[in-house]
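Going down the list, the protein sequences come from chains W and X.
Residue numbering for the first sequence is 3 to 374, as defined by the working numbering.
Residue numbering for the second sequence is 14 to 623, as defined by the working numbering.
In this text, a Cβ means the ideal position worked out from N, Cα and C, and glycines have one as well.
Structure first, commentary second.
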Amino acid sequence: MSELPPVIWSTTQCSLSELAIGIDSMLEQEVYGLMLLTCAGNDYQESKINQLLKSCKLPICGGMFPQIIREDKVYTKGAIVIGFRFKPIVKNYTALSSLNSNIDEYIEDQSETIEHYQNFIIIGDAFCSVNEDFIDAFYNYIGSGITVIGGGAGALDFVPRNYIYSNQGLIGDAMQVIAIPHSIQRAVGHGWEILDGPYLVTSANEHHLHSFDYQPAFEVYQKAIKCIAGKKIDIDSFFNIAKYFPLGIAGIGDELVVRDPIQSDGRYLECVGNVPVNSTVYLLKGEQDKMILSARQASESLVNSDSSKTLLIFDCISRSLFMEEEFDQELKAIQQPIPKKHLIGVLCLGEITDTQSGAIRLLNKSTVMGVF
Amino acid sequence: MKEALKIISIQHELVLAIGNTLELKTMLQQFFRVCNSRLELNSSHVYLFQENNDILVQEQSIHKMELNHCLSLPRKNNGILWTENHELNEVSQRFLTSNHQTQMFTVKSNVFYCFSLDQVGVLIVESKALLEENILNALLPVFDKLTISCKAATNHQALITEIQTRKTVEEKIRYQASHDQLTGIFNRTAMENTLKHTIYSCEAQNHYGALLLIDLIDFKHINDVMGHNVGDEVLQQVALHLKTLEAKYTVARFGGDEFMILIPELPRDKQQALAIVTSFTTRIVNTIETPIEVESNTFSISCAIGYELFNDSNTCVSDIIKHAGIAMYEAIKIGHVKATCYQAEMLVALNNRLSYIDKIKQALVNNDFELHYQPQFNHLNEIIGAEALLRWNHPTKGYESPAVYIPIAEESELIVDIGDYVLNQACHDIKEIAKCALPVSFEKISINVSAKQLSKANFVDTVMTAIDNSGIAASRLEIEITESIMVGDIEHSIATLEALHQQEVECAIDDFGTGYSSLTYLKRLPASLLKIDRAFVTDIDKDKDNYSIANMIIMLGNSLNMNVIAEGVENQKELDCLIELGCFRFQGFFFSRPLPFKQFQDLLEKQSSP
Numbered sequence: 003m004s005e006l007p008p009v010i011w012s013t014t015q016c017s018l019s020e021l022a023i024g025i026d027s028m029l030e031q032e033v034y035g036l037m038l039l040t041c042a043g044n045d046y047q048e049s050k051i052n053q054l055l056k057s058c059k060l061p062i063c064g065g066m067f068p069q070i071i072r073e074d075k076v077y078t079k080g081a082i083v084i085g086f087r088f089k090p091i092v093k094n095y096t097a098l099s100s101l102n103s104n105i106d107e108y109i110e111d112q113s114e115t116i117e118h119y120q121n122f123i124i125i126g127d128a129f130c131s132v133n134e135d136f137i138d139a140f141y142n143y144i145g146s147g148i149t150v151i152g153g154g155a156g157a158l159d160f161v162p163r164n165y166i167y168s169n170q171g172l173i174g175d176a177m178q179v180i181a182i183p184h185s186i187q188r189a190v191g192h193g194w195e196i197l198d199g200p201y202l203v204t205s206a207n208e209h210h211l212h213s214f215d216y217q218p219a220f221e222v223y224q225k226a227i228k229c230i231a232g233k234k235i236d237i238d239s240f241f242n243i244a245k246y247f248p249l250g251i252a253g254i255g256d257e258l259v260v261r262d263p264i265q266s267d268g269r270y271l272e273c274v275g276n277v278p279v280n281s282t283v284y285l286l287k288g289e290q291d292k293m294i295l296s297a298r299q300a301s302e303s304l305v306n307s308d309s310s311k312t313l314l315i316f317d318c319i320s321r322s323l324f325m326e327e328e329f330d331q332e333l334k335a336i337q338q339p340i341p342k343k344h345l346i347g348v349l350c351l352g353e354i355t356d357t358q359s360g361a362i363r364l365l366n367k368s369t370v371m372g373v374f
Numbered sequence: 014m015k016e017a018l019k020i021i022s023i024q025h026e027l028v029l030a031i032g033n034t035l036e037l038k039t040m041l042q043q044f045f046r047v048c049n050s051r052l053e054l055n056s057s058h059v060y061l062f063q064e065n066n067d068i069l070v071q072e073q074s075i076h077k078m079e080l081n082h083c084l085s086l087p088r089k090n091n092g093i094l095w096t097e098n099h100e101l102n103e104v105s106q107r108f109l110t111s112n113h114q115t116q117m118f119t120v121k122s123n124v125f126y127c128f129s130l131d132q133v134g135v136l137i138v139e140s141k142a143l144l145e146e147n148i149l150n151a152l153l154p155v156f157d158k159l160t161i162s163c164k165a166a167t168n169h170q171a172l173i174t175e176i177q178t179r180k181t182v183e184e185k186i187r188y189q190a191s192h193d194q195l196t197g198i199f200n201r202t203a204m205e206n207t208l209k210h211t212i213y214s215c216e217a218q219n220h221y222g223a224l225l226l227i228d229l230i231d232f233k234h235i236n237d238v239m240g241h242n243v244g245d246e247v248l249q250q251v252a253l254h255l256k257t258l259e260a261k262y263t264v265a266r267f268g269g270d271e272f273m274i275l276i277p278e279l280p281r282d283k284q285q286a287l288a289i290v291t292s293f294t295t296r297i298v299n300t301i302e303t304p305i306e307v308e309s310n311t312f313s314i315s316c317a318i319g320y321e322l323f324n325d326s327n328t329c330v331s332d333i334i335k336h337a338g339i340a341m342y343e344a345i346k347i348g349h350v351k352a353t354c355y356q357a358e359m360l361v362a363l364n365n366r367l368s369y370i371d372k373i374k375q376a377l378v379n380n381d382f383e384l385h386y387q388p389q390f391n392h393l394n395e396i397i398g399a400e401a402l403l404r405w406n407h408p409t410k411g412y413e414s415p416a417v418y419i420p421i422a423e424e425s426e427l428i429v430d431i432g433d434y435v436l437n438q439a440c441h442d443i444k445e446i447a448k449c450a451l452p453v454s455f456e457k458i459s460i461n462v463s464a465k466q467l468s469k470a471n472f473v474d475t476v477m478t479a480i481d482n483s484g485i486a487a488s489r490l491e492i493e494i495t496e497s498i499m500v501g502d503i504e505h506s507i508a509t510l511e512a513l514h515q516q517e518v519e520c521a522i523d524d525f526g527t528g529y530s531s532l533t534y535l536k537r538l539p540a541s542l543l544k545i546d547r548a549f550v551t552d553i554d555k556d557k558d559n560y561s562i563a564n565m566i567i568m569l570g571n572s573l574n575m576n577v578i579a580e581g582v583e584n585q586k587e588l589d590c591l592i593e594l595g596c597f598r599f600q601g602f603f604f605s606r607p608l609p610f611k612q613f614q615d616l617l618e619k620q621s622s623p
């Protein structure tokens, strides 16, 4: 099989019949697998889309996201169908939250057919409580030296549903790993900067951060934002203010893993992703120019890639919410160094990529992009 | 401040990650996950000093031990397992020989930091970037804690292994004590224990129980002909089939080719219980008689079953087994009845039989046996030999019929002792008659030899010793065997008869035509004489079938270059007919009844007189 660029079909229509047209058009092409990236706000009935998915003869992957990206625009309605010129192997890891401690065994049992692959796209259910455990376990199974891009599927109402496309229909509480037989060049950026800290995480449980420096997490967070940025935050205004002030988990170097606080009950902070106990975190601030610059720098690192290939972007929905109308500027900045490449992608809930150390990580408020 | 907090934070996070699980790999896996993430490591590895996977070596022997890879996280690098990564293995060995507590190795663009885990092994972490000195120093107390936890986990694991090993051994001993090693079913001891409990429970619930004893008929022949390996496999298959008949029944191997089945909770009504057992014995027979395939050979075996019903705790285990055994021997004796229920009369009959065996033994001691000789003649009415026939001159009953005591002696080993008597007495009598002038036509005296005698390893020596001790010519003695020896270890029989033939002791095949003969084996037997059974001689002049059979035996003898003698000749017409067919040797009442030795001697003297 050749390394021809994928066939791309897109629509801004939200009807299922429109998506069916896109899928049918792909069947007439020389493609060996389909990735569906659609908006969660589309008018799709689950029972009907399941019929469509189950009847498709080609391997199907992808998911529903808050928004989709086509060239330098984002859309809240519509769909993109990507026809792969190679045969992808799609592994769906389902019912993850009921596995408890058996996730390692489950991955080992299910992954034999992809264990020799080195390049993967991972589509996760953003609301699966163990998606980070899965990512860790998958990395420990597959090993370092791999390239991964991906993101979390879901909707901005934060209601768990079946958001991932498969040949068995829509699935949830799942992670989808798509093994690609060709190399992916990937880049990542966020552009967030330290505002205050560090704080020692003295109590946390997975996504829930209970205390910093032995003080209730929300109180510390609220106080810091008021003192340093002069903004008042309470439970009602939490989402609208917190989107400007994420947290950054410190490693041993300068790199920070961004964690997006999405809600609070007045005591804890709930983030998109785990925050380990005894880690140190910083309060971050965003400046639009620096964030856009960071995305552009990521894109610049891909200028040497084959111009005929396609750039697939997993950009955090919160960046769009932060930049609002200016978000198109980020996409333009990404496109600028690589003008000949087709830009497609999604605004997602959590981004997935391999880091400098080789490990796969779940990121927040970041831009992950890959050329393939 | 920031730096101090970072160090404290790292130490706390890593120490917390060690946790308190006592499962070594789980603990290390948990620790490595956090370690890789927090220190931005590419991979982490542990090598242990181990004699095996579970037990750490003692301190003093470490220098003799090699490091064994225990765990890598992640498990692969660029698609290749770390266990197969030569660079990592080399780093671990170089560190081991360096005797340092910590050391850094740069391999290509990666940095490997090695840390000694005191007496436990080596920890290696891989990083793309150099780790700062203060971070490395901060890790040392963390790894000390990890070492202690590794020791605790390993000791715990060793303890668990020891307990499990002991449990396994105990279970094995318990299993071996109650199971048959060959077939895996219960053994006799286990069956006796189960039977004991069943007796009590049957009485308590007023139920019947039944014990069945099963014997595989002529199983010994499979061992003799095909070897014990094949025999063992046949037993295994039979055991398996019996075990799968009824899950609730207990099946055991009694020993050799005998099996036992215990049926608990039969109905309270004896007739109903009997009906169930009878029906079950039919299933057993059908199962056992289904041909068994072993090593591309198919074996058809049959069985005899004896059983005893019980519902009374006054009956002891040994009695029930004994009764089932008696019933089983009764079934074997009857032959056509495959299963027999124990009856009290059987015990009486058995006791009578045992008493009769004692009498035979006593007769041997008292010298109550004697040999009579039935002369054999040729067509010229010249005496050519005689068959020695055993007679028991009972002190009170007179002459006892051989038809009664020979089968009983055959069942026990007594036939060998009786055979020895016959051999030695015949040799003695040959010596006696040789003292006088014998008729020119006289050739030899024949004695009957049983299959049991022939199967004895020292049979040739026994015969030759008797001949030597009496000082007779070996050619004067002939042994008569029946076709039945061809069913046993035919190769051994042929070798024995060949050895005797080499010493000039010839062999005759007695009662020819009544048993099972393989012409292939017949050709290989070094026999010089075929004896046509009396059944084919009687009325040979009138009975066309007998005529045809006798004719065929005579022709067979001629073609195999063997002499043929007709037994049971009783009149002139039969004699004429046999001469017409080409048979010129005879034995029977027409010529002479069996004679006591003295009369036989007289007959010889008369014949030898000119």
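Starting from the beta carbon of residue i, find every residue of chain X whose beta carbon is closer than 9 Å, and list them in chain order.
i: L249 (chain W); result: Simply none; closest approach about 14 Å.
From this set, the options, which residue's C-alpha is nearest residue i's C-alpha?
i: E308 (chain X); options: X:V247, X:R187, X:K469 and X:I507; result: X:V247
i: P162 (chain W); options: W:Q299, W:M66 and W:D267; result: W:M66
i: L80 (chain X); options: X:V133, X:S454 and X:I419; result: X:V133
i: I301 (chain X); options: X:H254, X:I274 and X:T178; result: X:H254
i: M273 (chain X); options: X:V350, X:A223 and X:H407; result: X:A223
i: D262 (chain W); options: W:I151, W:G268, W:T149 and W:Y246; result: W:Y246
i: Q114 (chain X); options: X:D157, X:G92 and X:S140; result: X:D157
i: E3 (chain X); options: X:H505, X:V290, X:D481 and X:L535; result: No answer is possible for residue 3 (chain X): it lies beyond the span of chain X, which begins at 14 and ends at 623.
So residue i contacts chain X; which residues on that side make the cut at Cβ distance below 8 Å?
i: Y141 (chain W); result: P87
i: L101 (chain W); result: Going along chain X, no residue has its Cβ under 8 Å from L101 (chain W), so there is no contact; the nearest lies around 16 Å.
Should residue i be labelled buried (16 or more other beta-carbon atoms within 10 Å of its own) or exposed?
i: E519 (chain X); result: buried
i: V132 (chain W); result: buried
i: Q71 (chain X); result: Low confidence applies to Q71 (chain X): its pLDDT is 48, below 50, so where it sits in the model is not reliable, and the reading given next is rough at best. That one is exposed.
i: P8 (chain W); result: buried
i: I230 (chain W); result: exposed
i: Y95 (chain W); result: buried
i: N66 (chain X); result: Low confidence applies here, because N66 (chain X) scores a pLDDT of 46, under 50, leaving its location unreliable and the question unanswered by this model.
i: L403 (chain X); result: buried
i: Q189 (chain X); result: exposed
Can you pull the chain W residues whose beta carbon is under 7 Å from the beta carbon of residue i, in chain order?
i: S50 (chain X); result: A361
i: S22 (chain X); result: L202, N280, S281 and T282
Going along chain W in order, which residues have a C-beta closer than 8 Å to the C-beta of residue i?
i: E26 (chain X); result: P278, V279, N280 and S281
i: L54 (chain X); result: S359
i: V47 (chain X); result: P278
Listing by chain order, which chain X residues have their CB less than 7 Å from the CB of residue i?
i: Q217 (chain W); result: Here the premise fails: no neighbours, minimum Cβ distance about 15 Å.
Practice prompt. Within the region 107-146 of chain X, note down every full beta strand (DSSP E) run reaching 3 residues or more, in order along the chain.
Written response: 115-120, 123-130 and 134-140
Discussion item. Short of 8 Å Cβ to Cβ, which residues in the region 227-254 of chain W face chain X?
Written reply: For the region 227-254 of chain W, which is checked against every Cβ of chain X, the residues closer than 8 Å are A252, G253 and I254.
Practice prompt. Can you check the region 262-329 of chain X for any alpha helix (DSSP H) of at least 4 residues that lies completely inside it and give the ranges in chain order?
Written response: Counting only runs of 4 or more, we get 283-302.
Fill in: Contact list for the region 39-59 of chain W against chain X, Cβ threshold 7 Å
none
Worksheet item: Curious, which full-length alpha helix (DSSP H) runs of at least 4 residues does the region 166-226 of chain W contain?
Response: 219-226
Worksheet item: Mind listing which residues of the region 178-198 of chain W have their C-beta closer than 8 Å to chain X's C-betas, in chain order?
Response: none
Practice prompt. With 7 Å as the limit, tell me which residues of the region 28-43 of chain X have their beta carbon closer than that to any beta carbon of chain W; keep them in chain order.
Written response: L29
Discussion item. Against chain X, which members of the region 126-151 of chain W pass a CB distance test of less than 8 Å?
Written reply: D138, Y141, N142, Y143, I144, G145, S146 and G147
Discussion item. Runs of 3 residues minimum, wholly inside the region 204-250 of chain X: which ones carry the beta strand (DSSP E) assignment?
Written reply: 221-230
Worksheet item: At what residue ranges does the region 73-150 of chain W contain a whole run of the alpha helix (DSSP H), taking only runs of 4 or more?
Response: 105-112 and 133-144
Discussion item. My parser needs the alpha helix (DSSP H) runs of 4 or more residues fully inside the region 402-467 of chain X; what are they?
Written reply: 415-424 and 427-447
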